[in-house]
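Asker: Take this structure, written in structure tokens, and hold onto it; I'll ask about it next.
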Amino acid sequence: MRTAKMFWRDMCLGTFRHGARFLIIPLVVVLMTAGFAEYAANLYDAGTIAGSGTAADYYLCVMQGMYIYKFSPDSTFVIPISWFMLHIGLAYLTAYYPCKDYNEYGAIVIPAGGSRIRWWIAKMFWCLMTVFLYYIGIAITCAISACVHGAKLSVDFSVDLLEHLYGDSMNYVSQSDMILISVLLPFAISVLMTEVQMLFSFLFTPVISFAATCGVYILSAYYTCWWLPGSYTMWQRSSYINYEGVKPMSGFVIAVFGLLCVIVCGTLYFQDKDVLD
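Using the numbering used here, the first residue of the sequence shown is number -16, and each one after it goes up by one.
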């Protein structure tokens, strides 16, 4: 019960109070879907596709990231700004509150909660729920954008439209596989990134932790490697789409193993930490 109360307190002070930061979601969705909607409408008017898209198509557009980048002397590397903004917005949303709350109210809240470990667990649940709300916000905003542009409010992807946008490989990916690589896997990786960022904010500083998170996402855009978690948040980098891409199962293993490490390291860090220090 005490853990639940601390969790609810964190939601109120760390998430709901800073609700304006969620506005990064509609900003990115508008930037990403304007051209997408026009392209889909032109294909539909030309009779090339059966419909003008669905809400799921709009979600895929927002979460696509970029294709695998291959360095060459003639190529120019450009970070997918909308993808970067979306994930850095989430990182910023969760970057500073835990340390600020610990420094300002830890000496009061932790004794009242009865345990440092309960306080840490509450913070981990807070991170998890904030990421969940963030992804819900993305889904709702994509649905609204789809309705505004006359698309169908459906969770099914339009294979004919996606084939024109992303190539013939879309014919061989099932709806369930697309949900796996565009919804479940990015969510799991986002949870991992925010939890690790929170732990590092205590081990170092929130600024260093946030900067490290930004660096990981930048490296993930440049390199497609199984050990760079940001690659798993771009479904176009999946091996289901491109045989040179990252395997989804590797991403889930990294997420689970990483979260276990965060739980253990955070517990060891806080169990003997003096809240008055």
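All residues carry an ideal CB built from backbone N, CA and C; glycine is no exception.
What does the alpha-carbon distance come out to for the pair K106 and L168?
Answerer: For the purposes of this step, residue 106 is taken as the residue at position 123 of the sequence shown. For the purposes of this step, residue 168 is taken as the residue at position 185 of the sequence shown. Going by the C-alpha atoms only, they are around 22 angstroms apart.
Asker: Spatial neighbours of W103 within its chain, please: C-beta separation below 6 angstroms, excluding the five flanking residues on both sides.
Answerer: Translated into the one-based positions of the sequence shown, residue 103 becomes position 120. So the qualifying residues of the chain are G249, F253.
Asker: For G241, which residues from the same chain have a beta carbon less than 6 angstroms from its beta carbon, with the 5 sequence-adjacent residues on both sides left out?
Answerer: Here residue 241 refers to the residue found at position 258 when the sequence shown is read from its first residue. Taken in chain order, the residues that qualify are L175.
Asker: Quick one, which of I64, G30, V166, V142 has its alpha-carbon nearest V156's?
Answerer: In the sequence shown, the residue the question calls residue 156 occupies position 173. Measuring from the Cα of V156, the nearest candidate turns out to be V142.
Asker: Taking the alpha-carbon positions, what's the A126 to M46 distance?
Answerer: Counting from 1 along the sequence shown, the entry for residue 126 is found at position 143. Counting from 1 along the sequence shown, the entry for residue 46 is found at position 63. For A126 and M46, the distance between alpha carbons rounds to 14 angstroms.
Asker: Closest to L148 by C-alpha separation, out of V12, G36, F187, L10, would be which residue?
Answerer: Residue numbering aside, residue 148 sits at position 165 when the sequence shown is read from its first letter. Measuring from the Cα of L148, the nearest candidate turns out to be G36.
Asker: With a CB to CB cut of under 8 angstroms and the five nearest residues on each side skipped, what residues in its chain are close to T31?
Answerer: Mapped onto the sequence shown, residue 31 falls at position 48. Excluding positions up to five away in sequence, the list reads D143, H147.
Asker: Could you tell me the alpha carbon to alpha carbon distance between K53 and E227, rounded to whole angstroms?
Answerer: By 1-based counting over the sequence shown, the position of residue 53 is 70. By 1-based counting over the sequence shown, the position of residue 227 is 244. Between K53 and E227, the C-alpha separation is close to 11 angstroms.
Asker: By the 10 Å Cβ neighbour count, where 16 or more other Cβ atoms means buried, how is S55 classified, buried or exposed?
Answerer: As a first step, residue 55 is located in the sequence shown; it is residue number 72 there, counting from the start. Result: exposed.
Asker: Between F187 and F115, what straight-line distance do the alpha-carbon atoms span, to the nearest angstrom?
Answerer: Here residue 187 corresponds to residue number 204 of the sequence shown, with the count starting at 1. Here residue 115 corresponds to residue number 132 of the sequence shown, with the count starting at 1. Between F187 and F115, the C-alpha separation is close to 26 angstroms.
Asker: Let me make sure I understand the geometry here. Which of L202, Y223, R101 has the alpha-carbon closest to that of S214?
Answerer: Locating residue 214 in the sequence shown gives position 231, counting from the first residue. Per the Cα distances, L202.
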